[in-house]
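Undergrad: Pasting in a structure now, in structure tokens, and then I'll have a few things to ask.
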Ligand SMILES: NC(=O)c1ccc[n+]([C@@H]2O[C@H](COP(=O)([O-])OP(=O)(O)OC[C@H]3O[C@@H](n4cnc5c(N)ncnc54)[C@H](O)[C@@H]3O)[C@@H](O)[C@H]2O)c1
């Protein structure tokens, strides 16, 4: 039965990298809003998590183990979503990898790091989006939400673009290009494309930066939660804007703010 509280009833979504962290948060919130959700991850735990979420969801929730950097896996995921749900309305390009990289590391290491980071963060996002777009066009519209990073919001402060993260940072800047160009090209199909560019958010990736996966007290006080960022995603889905990099910054209100002028859309 349709519920007025469930904004996404009848809609279908795919979330990449949904076994934990932000991806889990996005999948949970989409499910709470009534959407059908296909969540996938390289970690097989995603399948048990999907079953747990399904237990209290009104939509259909499915989980599968798949690698977004592999074309065959991506096509299988999208085919599964279409078979299960009949179409795709929302794609959350969340899967991402992080690794410290040094500009003066060996060539071999640098090229291996390039593949490790770019294959998931950039090529994976490209492939999954390409596979979903025809299904969104067939539905008469849709939403692509790219999960970027505060590193692409240089106007926000001096803490951005830290050293030793050149490839991760470059991968997130690459997402700007997709977000900007796709938003313009796909506007004719009523497909909105935006990015969420958040600062520190409590997740296994963030905790992995610290000894024993413990956030330092100062960080623990200010860190954002996946639930808060998922709330921002929901505001974005309701809002209807396109082509924007929406920032979320520790210690600041987590809100969309007014629609930004085109020239400000990549500067926070
Ligand atoms: N946590 C933060 O502070 C923060 C800040 C800015 C941006 N981000 C971005 O948010 C996204 C989620 O990050 P998180 O912090 O939850 O990280 P996380 O490592 O905790 O979770 C990422 C998930 O993606 C999965 N994944 C990695 N490679 C994959 C692949 N090739 N195919 C399928 N799944 C894959 C991982 O197994 C993991 O479950 C990433 O894109 C990250 O860059 C995170």
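Residue numbers (my numbering): 100 to 367.
Backbone N, C-alpha and C define an ideal beta-carbon position, used for all residues, glycine too.
1. Let me check you understand the geometry: is the CB of residue 193 closer than 7 Å to at least one non-hydrogen atom of ligand 1?
2. Using CA atoms only, rank isn't needed, just tell me which of 203, 204, 355 and 178 is closest to residue 297.
3. Using the rule of at least 16 other Cβ atoms within 10 Å of the residue's Cβ for burial, across every protein chain shown, is residue 237 buried or exposed?
4. Around the C-beta of residue 329, are 16 or more other C-beta atoms found within 10 angstroms, so that it is buried, or is it exposed?
5. For residue 255, name the three-state secondary structure that DSSP assigns.
6. Hey, is residue 350 close to ligand 1, as in C-beta under 7 Å from one of its heavy atoms?
7. Classify residue 303: buried if its beta carbon has 16 or more other beta carbons within 10 angstroms, exposed otherwise.
8. Exposed or buried, what is residue 127 when buried is set at 16 or more other beta-carbons lying within 10 Å of its beta-carbon?
9. Start and end of the beta strand (DSSP E) containing residue 173?
10. Do residue 118 and residue 135 come within 8 Å of each other at the CB atom, strictly closer than that value?
11. So residue 105 and residue 132 are in contact, right, with Cβ under 8 Å, and what is the actual spacing, rounded?
12. What runs of the beta strand (DSSP E), each 3 residues or longer, lie entirely inside the region 183-227?
13. Quick check on the burial criterion: 16 or more other C-beta atoms within 10 angstroms. Buried or exposed for residue 281?
14. I'd like to confirm the pairing. Which residues does DSSP put opposite residue 115 in its beta bridges?
15. Mind checking which residues open and close the beta strand (DSSP E) that includes residue 368?
16. Run through DSSP, which three-state label would residue 300 get?
17. Which whole-angstrom value is the C-beta distance of residue 157 and residue 108, which I expect to be below 8 Å?
18. Does DSSP put residue 105 in a helix, a strand or coil?
19. With respect to the alpha helix (DSSP H) encompassing residue 98, which residues constitute its N-terminal and C-terminal limits?
20. Using alpha carbons as the reference points, say which of 272, 244, 233 and 240 lies closest to residue 252.
21. Taking its Cβ as the centre, do 16 or more other Cβ atoms sit within 10 Å of residue 191, making it buried, or is it exposed?
22. Just to confirm, are residue 148 and residue 163 a CB contact at a threshold of 8 Å?
23. Compute the minimum distance between the beta carbon of residue 119 and the heavy atoms of ligand 1, and state whether it is under 7 Å.
24. Below 8 Å between beta carbons: does that hold for residue 110 and residue 189?
TA: Inspection of the coordinates gives the following:
1. Sequence index remark: in the chain shown, residue 193 carries index 94 (1-based). Within the cutoff, so yes.
2. Here residue 297 refers to the residue found at position 198 of the chain shown. Each of 203, 204, 355 and 178 was checked against the Cα of residue 297, and the nearest Cα belongs to 355.
3. Position 138 of the chain shown, counting from 1, holds the residue named residue 237. It is exposed - the Cβ of residue 237 has fewer than 16 other Cβ atoms within 10 Å.
4. Locating residue 329 in the chain shown gives position 230, where the first residue counts as 1. Per the 10 Å Cβ criterion, buried.
5. For this step, residue 255 is matched to residue 156 along the chain shown. Because the pLDDT of residue 255 is 49, which lies under 50, any placement of that residue in the model is unreliable, and the number read from its coordinates should be weighed accordingly. Helix, per DSSP.
6. Within the chain shown, numbered from 1, the residue matching residue 350 stands at position 251. No, the Cβ of residue 350 stays beyond 7 Å of every heavy atom of ligand 1.
7. In the chain shown, residue 303 corresponds to position 204, counting from 1. Exposed, since its Cβ has fewer than 16 Cβ neighbours within 10 Å.
8. In the chain shown, the residue the question calls residue 127 occupies position 28. Residue 127 is buried by the Cβ-count criterion.
9. For the purposes of this step, residue 173 is identified with residue 74 of the chain shown, where counting begins at 1. DSSP places residue 173 in no beta strand (DSSP E) but in the uninterrupted alpha helix (DSSP H) bounded by 170-184.
10. Here the question's residue 135 lines up with position 36 in the chain shown. Here the question's residue 118 lines up with position 19 in the chain shown. Result no, Cβ atoms of residue 135 and residue 118 do not sit closer than 8 Å.
11. As a first step, residue 105 is located in the chain shown; it is residue number 6 there, counting from the start. As a first step, residue 132 is located in the chain shown; it is residue number 33 there, counting from the start. Residue 132 and residue 105 do touch by the CB rule: their CB atoms are close to 5 Å apart, below 8 Å.
12. Taking only runs of at least 3 residues, the beta strand (DSSP E) segments lying wholly in the region 183-227 are 189-192.
13. By one-based count along the chain shown, residue 281 stands at place 182. Residue 281 is buried by the Cβ-count criterion.
14. Position 16 of the chain shown, counting from 1, holds the residue named residue 115. Answer is 139, bridged to residue 115.
15. A question about residue 368 goes unanswered here, because the residues of the chain that appear run from 100 up to 367.
16. The residue given as residue 300 occupies position 201 in the chain shown. In the displayed model, residue 300 falls within a strand according to three-state DSSP.
17. Within the chain shown, the letter at position 58 stands for residue 157. Within the chain shown, the letter at position 9 stands for residue 108. Rounded, the Cβ-Cβ distance is 7 Å, consistent with contact.
18. As a position in the chain shown, residue 105 is number 6, starting the count at 1. The answer is coil: DSSP assigns residue 105 none of H, G, I, E or B.
19. Examination of residue 98 is not possible in this model, given that the chain is present from 100 through 367 alone.
20. In the chain shown, counting from the first residue as 1, residue 252 sits at position 153. It is 272 whose Cα lies nearest to the Cα of residue 252.
21. As a position in the chain shown, residue 191 is number 92, starting the count at 1. With 16 or more neighbouring CB atoms inside 10 Å of its own CB, residue 191 falls in the buried class.
22. In the chain shown, the residue the question calls residue 148 occupies position 49. In the chain shown, the residue the question calls residue 163 occupies position 64. The beta carbons of residue 148 and residue 163 sit no closer together than 8 Å.
23. In the chain shown, the residue the question calls residue 119 occupies position 20. Checking every heavy atom of ligand 1 against the Cβ of residue 119, one is found closer than 7 Å.
24. As a working note, residue 110 is residue 11 in the chain shown. As a working note, residue 189 is residue 90 in the chain shown. Going by C-beta atoms, residue 110 is nearer than 8 Å to residue 189.
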